[in-house]
Amino acid sequence: TYLYIAQTHWILNHLGQARELLEKARILLEQVNMPLPDCDILEAKIFLKEEQPKKARKLAETALQTSREKNLMRQQAEAHLVLGLIDKDENHHGNALLELKAALDFFGAGQEEFETAEVHRYMGDVYDDMGKEEQSKMEHKTADKIFKGLSAFPHLYE
501 TYLYIAQTHW
511 ILNHLGQARE
521 LLEKARILLE
531 QVNMPLPDCD
541 ILEAKIFLKE
551 EQPKKARKLA
561 ETALQTSREK
571 NLMRQQAEAH
581 LVLGLIDKDE
591 NHHGNALLEL
601 KAALDFFGAG
611 QEEFETAEVH
621 RYMGDVYDDM
631 GKEEQSKMEH
641 KTADKIFKGL
651 SAFPHLYE
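Residue numbering for the sequence shown follows this note's numbering, starting at 501 and increasing by one per position.
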């Protein structure tokens with residue numbers, strides 16, 4: 501439960517509270533010998549928002565390795581997504597697209613439609629950064645179509 505509440509605080513940009521709850525979750529999970537890559541992924545996201553990409557990358561890479569070892573598809577997708585966003589922020593567009601496409605594959609395999617749409621939107625942003633307007637529009641349209649089908653963000657389609 502601490503982990504889910506920490507994720508909510510991360511979404512709301514309450515990063516200090518997110519970190520405190522994350523540490524409580526990590527301690528409890530380690531006590532029962534169940535360290536989850538989810539903790540590293542969330543901490544990487546916190547570091548990313550705090551503009552500490554080196555720390556974020558290290559945690560995301562650790563989470564990716566753990567997720568691969570445990571064959572955790574969603575967590576692999578999340579780790580690739582974080583790595584893609586780090587590469588995007590660092591203007592490593594080619595690497596960003598590779599990581600985002602990997603995230604897309606894992607989210608797609610798990611039928612995670614909302615997350616799939618988010619990744620398409622991020623890919624569109626990368627293409628936009630690269631000056632590739634057509635690919636950017638295509639990715640954003642794909643994201644919008646998925647979001648509309650899920651009735652997510654209905655205010656955008658009225």
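Virtual Cβ for every residue (Gly too), placed ideally from N, Cα, C.
Just so it is clear, the structure is predicted and the values come from calculations on it, not from any experiment.
- Boundaries of the alpha helix (DSSP H) around residue 595: 593 to 609.
- Restricting attention to 590, 510, 614, the CA atom closest to the CA of residue 541 is found in 510.
- Scanning its chain for C-beta atoms nearer than 6 Å, with the 5 sequence neighbours on each side dropped, one finds around residue 580 the residues 599, 602, 603, in chain order.
- Its Cα nearest to that of residue 577, the residue 564 stands out among 564, 638, 569.
- Residue 645 has its alpha-carbon roughly 33 Å from the corresponding atom of residue 501.
- Residue burial is scored here from C-beta neighbours: residue 609 has fewer than 16 other C-beta atoms within 10 angstroms and is therefore classed as exposed.
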